[in-house]
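Working notes, beginning with the structure itself.
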Amino acid sequence: MWPSVRWTAYAYFKRLFLGWSVMEASPKIVMMACFYLAMKVEEFYVTIDEFVANLKSGTPEQNTTRILGLEPEIMRALRYQITIHCPFRPFEGHLVEMKTRMLLLNFNVETIREPADQFFRKALLSDVMLMYPPSQIALAALKYGLDSLGKSPDVLAEFLQKLMGVEDDWKGMHGDALQTIDKLIVRLNDIIEVVNNGAKPLTAEEHASIQARTEDWAALNLALEERRQSRPGYTKKEEPVDSDDE
Numbered sequence: 001m002w003p004s005v006r007w008t009a010y011a012y013f014k015r016l017f018l019g020w021s022v023m024e025a026s027p028k029i030v031m032m033a034c035f036y037l038a039m040k041v042e043e044f045y046v047t048i049d050e051f052v053a054n055l056k057s058g059t060p061e062q063n064t065t066r067i068l069g070l071e072p073e074i075m076r077a078l079r080y081q082i083t084i085h086c087p088f089r090p091f092e093g094h095l096v097e098m099k100t101r102m103l104l105l106n107f108n109v110e111t112i113r114e115p116a117d118q119f120f121r122k123a124l125l126s127d128v129m130l131m132y133p134p135s136q137i138a139l140a141a142l143k144y145g146l147d148s149l150g151k152s153p154d155v156l157a158e159f160l161q162k163l164m165g166v167e168d169d170w171k172g173m174h175g176d177a178l179q180t181i182d183k184l185i186v187r188l189n190d191i192i193e194v195v196n197n198g199a200k201p202l203t204a205e206e207h208a209s210i211q212a213r214t215e216d217w218a219a220l221n222l223a224l225e226e227r228r229q230s231r232p233g234y235t236k237k238e239e240p241v242d243s244d245d246e
């Protein structure tokens, strides 16, 4: 699966639950529908039959009905703004620029790619895509890769100076641009911090607390459903979501 498909699906999912509640829709079913919609938007062709065949819970017929039923609801909730700008193309552009402009580097620029890919995977677990533009996330991935390789911070600073055309400032004519670069580097550090904090694994206590709250909400939802069924004239509808415990 293309990284852009995964990034797009997570962006849909996070944007949806800014307005939705987990009591309204099962996150598991919503995530599956987000992935299927993302595959269409990113032109990663997979038929619905092939897609549901890879799902581990529910029957293919149930999953097909639920995913296709949720798809228009997701697009409506997103206000049909389904084009997601991912950081991968800007990142590739930064690598090309670094290879072109910094010919005297004593390391292979391609070695940045592996730690940067790790950064992008960690970023999916955080809210960074809701907080910062993809171009800055791409630069943060570049900085993360350089830091992971133990390279000097001067490498990134020099690259940004060359990128903005202010590397030769012996006359002091580009003071504002250099200040902008310093502020940008601070912003990149903030992005990396957001990603690292969002990707921290839950402790056993935190996991137990979330599980307990989930069970409490499930019990409350069941009680409300039983009360609703006891009302005169109630007609039972097919439940559109699956159990998240499967």
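Residue numbers (full-length UniProt numbering): 1 to 246.
Using N, Cα and C, we set each Cβ at its ideal position, and we do this for glycine too.
Please read all numbers here as calculations on a predicted model, not as lab measurements.
Own chain residues within Cβ distance below 6 Å of residue i, not counting five before or after
i    : result
L16  : A77
I112 : G145
Y10  : L124
V241 : Note that V241 scores a pLDDT of 45, beneath 50, so its modelled location is shaky; the value from the coordinates is reported in the next line. Taken in chain order, the residues that qualify are S26 and I29.
Between the CA atoms of residue j and residue i - distance to the nearest angstrom
i           : j    : result
N108        : E158 : 16 Å
K46         : P72  : Contrary to the premise, residue 46 reads as Val rather than Lys in this sequence. About 18 Å.
A177        : N106 : 27 Å
L188        : M39  : 30 Å
K99         : A116 : 16 Å
S230        : Y36  : 37 Å
residue 283 : D190 : This structure cannot speak to residue 283, because the chain is shown only from 1 to 246.
L68         : M75  : 12 Å
E205        : G58  : 30 Å
L202        : E215 : 18 Å
R227        : A218 : 14 Å
L95         : A141 : 11 Å
Residue environment, residue i, which counts as buried when at least 16 other CB atoms sit within 10 Å
i    : result
E193 : exposed
I137 : buried
A223 : exposed
R66  : buried
Y80  : exposed
M129 : buried
A212 : exposed
S209 : exposed
S21  : exposed
G93  : exposed
Three-state class that DSSP yields for residue i in the structure shown
i    : result
D127 : coil
C86  : coil
S209 : helix
Q118 : helix
F44  : coil
G19  : coil
R231 : coil
Y132 : coil
K56  : coil
Q179 : helix
Close Cβ partners of residue i (< 8 Å) along its chain, the five nearest in sequence each way excluded
i    : result
E42  : W2, S4, V5 and T8
I185 : K143, P153, L156, A157 and L160
A53  : P60
L149 : F107, T111, I112 and P115
F119 : A140, A141, Y144, G145, I192 and V195
Residues of its chain near residue i, where Cβ-Cβ distance is below 7 Å and the 5 sequence neighbours each way are ignored
i    : result
F13  : V30, M31 and C34
P134 : H85, C86, P87 and P90
L55  : M32 and N63
G19  : A77
M23  : W217 and N221
Test: residue i CB closer than 8 Å to a CB of chain C
i   : result
R76 : Structure shown: chain C not included; a single protein chain is present.
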